[in-house]
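Scroll down for the structure; my scribbles are underneath it.
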Amino acid sequence: MLLLSASCETAPSPELTEEDLAEILPYVSLGRGLQASIDTTTIRLITDVNTWTAYADSLQPLMPFTSPDFEIEMVLLAAVDVNAGGYDLRFELVESLRDTVVATYRLFSPGPDCRPSFSTGVAFEAVRIRRTQNPVRFVQIEEALDCEPN
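Heads up: the sequence shown runs through residues 1 to 150, numbered per my numbering.
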């Protein structure tokens, strides 16, 4: 007689992190630039054409803005008032986390080895995402870039 014995151990499930629960949302840049007549840092969710037109008229994008369709889309705008040249701003990630849209953008600044011009400006980008009723939270990440080659 043959006797088989098996031991079955179950490993505990790994705990889910916020990153595991997040759904990446597609977004499309409407335009970006470095000059605007906005005189303060602005982060804004825009859900209608009148509000978008007011902001778009105050921004000077590098290329003309593309048009959002407010029936199915909304606009996320990040604009940061800067006091020197060498800045840039880019959205990096838009995700749905629980019941909140989290929009992460990176503000690039000149590093300590740079000699930027002293001129005021506004680094900005506007992106469009599909319309949602969830609140939006903006997250800014700052990164200084070196000017000297390694």
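Note that CB positions come from ideal geometry on N, CA and C, so glycine has one too.
Here E142 really is in contact with S109; their C-beta atoms are around 7 Å apart, less than 8 Å.
By the CB criterion at 8 Å, L107 and V80 fall inside the cutoff. Runs of alpha helix (DSSP H) with 4 or more residues, each lying fully within the region 18-96, are found at 18-21 and 49-58, listed in chain order.
Sequence-distant partners of T132 (beyond 5 residues in either direction) whose C-beta falls short of 7 Å from its own C-beta, in its chain, are V101. S67 has its alpha-carbon roughly 21 Å from the corresponding atom of L93. Setting aside the 5 residues that flank it on each side, V28 is surrounded in the same chain by V127 and R128, each with a C-beta closer than 7 Å to its C-beta; the list follows chain order. G121 is bridged by DSSP to V82. Contact annotation: F70 and T47 have beta-carbon atoms nearer than 8 Å.
The DSSP-derived three-state label of R131 is coil.
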